[in-house]
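Participant: Before we start, here is the structure in question, set down as structure tokens.
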Amino acid sequence: AQSVTQLDSHVSVSEGTPVLLRCNYSSSYSPSLFWYVQHPNKGLQLLLKYTSAATLVKGINGFEAEFKKSETSFHLTKPSAHMSDAAEYFCVVLPHNAGNNRKLIWGLGTSLAVNP
Amino acid sequence: DTEVTQTPKHLVMGMTNKKSLKCEQHMGHRAMYWYKQKAKKPPELMFVYSYEKLSINESVPSRFSPECPNSSLLNLHLHALQPEDSALYLCASSQVRGFLIGTNYGYTFGSGTRLTVV
Chain A
601 AQSVTQLDSH VSVSEGTPVL LRCNYSSSYS PSLFWYVQHP NKGLQLLLKY TSAATLVKGI
661 NGFEAEFKKS ETSFHLTKPS AHMSDAAEYF CVVLPHNAGN NRKLIWGLGT SLAVNP
Chain B
-17 DTEVTQTPKH LVMGMTNKKS LKCEQHMGHR AMYWYKQKAK KPPELMFVYS YEKLSINESV
43 PSRFSPECPN SSLLNLHLHA LQPEDSALYL CASSQVRGFL IGTNYGYTFG SGTRLTVV
């Protein structure tokens, strides 16, 4: 069965310090992986995606994530947090199983707070 | 145009009302989706349209009725809703590669309609 686990429901950092949001997945098939961000009362924005090319993926706003197959992880990082990074972050898996109608599998989300 | 536009942004309706949510995209995406999102939760898939045909219905109650009149438009008709249906309703679109829905290119989401049922 496919699943996504975001290891922290809430992360709090100080402005200017590094951000680490952790995501582990379980998939019988080699998946595509995504990170989405949702600011308060807003829709979802794609931060970055892994689609079996380079394992280190760079996204928007200085975020990046590394796909580690041996650890089944896809952690999101940023060297220096900004106040505007405060939001909900979702790790999402799209399994490459055979057949039609592949569905996104969502983690429960990590709420990132950035303190001045 | 790289956006998915949803209207209205906010909607308050009574339990006997009929209303519709609208979603529009002009990116040439042939797969469109409705999601429901409760506060502090991930989105839950409701419906998927592929090439304007309903492809997935995630056992959604019949008081929600989707419609895809053309490749750019997706509607969600609401009737006799319950207070527990209050949520953020998100529309998304994606490319369709062959018959596989949800390609590697990611989904583009709209900003959502905040629905309150009173």
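Quick note, the sequences are listed as chains A and B, same order. Position one of the first sequence corresponds to residue 601 (this note's numbering), numbered consecutively onward. Position one of the second sequence corresponds to residue -17 (this note's numbering), numbered consecutively onward. In this text, a Cβ means the ideal position worked out from N, Cα and C, and glycines have one as well.
Answer yes or no: does any C-beta atom of chain B fall closer than 9 Å to that of A/Glu615?
Facilitator: Cβ-Cβ to chain B under 9 Å: no for A/Glu615.
Participant: Which residues of chain B have a Cβ atom closer than 8 Å to the Cβ of A/Gly709, listed in chain order?
Facilitator: Neighbours of A/Gly709 on chain B, chain order: Lys22, Lys23 and Pro24.
Participant: State the DSSP-derived secondary structure class of B/Pro65, mapped to helix, strand or coil.
Facilitator: Helix, per DSSP.
Participant: Could you give the C-beta distance for A/Gly662 and A/Glu688, rounded to a whole number, given that I count them as a contact under 8 Å?
Facilitator: No, A/Gly662 and A/Glu688 are not in contact; Cβ-Cβ is about 18 Å, not under 8 Å.
Participant: Any beta carbon of chain A sitting closer than 9 Å to that of B/Tyr89?
Facilitator: So, interface residue.
Participant: Would you grab the beta carbon distance between B/Lys18 and B/Glu26 for me? Rounded to a whole angstrom, and I think it's under 8 Å.
Facilitator: 5 Å between Cβ atoms; contact.
Participant: Hey, out of A/Ser614, A/Val613, A/Asn624 and A/Pro618, whose CA is closest to A/Leu607's CA?
Facilitator: Comparing Cα positions, the closest option is A/Asn624.
Participant: Do we get a CB-CB distance below 9 Å when we pair A/Tyr629 with the residues of chain B?
Facilitator: No, because no Cβ of chain B sits closer than 9 Å to the Cβ of A/Tyr629.
Participant: Answer with yes or no whether the minimum CB distance from B/Leu58 to chain A is below 9 Å.
Facilitator: Output row for B/Leu58: interface = no.
Participant: Do the region 656 to 676 of chain A and the region 626 to 640 of chain A touch if we need at least three Cβ pairs shorter than 8 Å?
Facilitator: With a cut-off of 8 Å, the region 626 to 640 of chain A and the region 656 to 676 of chain A count as touching, because enough Cβ pairs lie within range.
Participant: Can you give me, in chain order, the residues of the region 60 to 76 of chain B that have a beta carbon less than 7 Å from any beta carbon in chain A?
Facilitator: The residues in question are Leu72.
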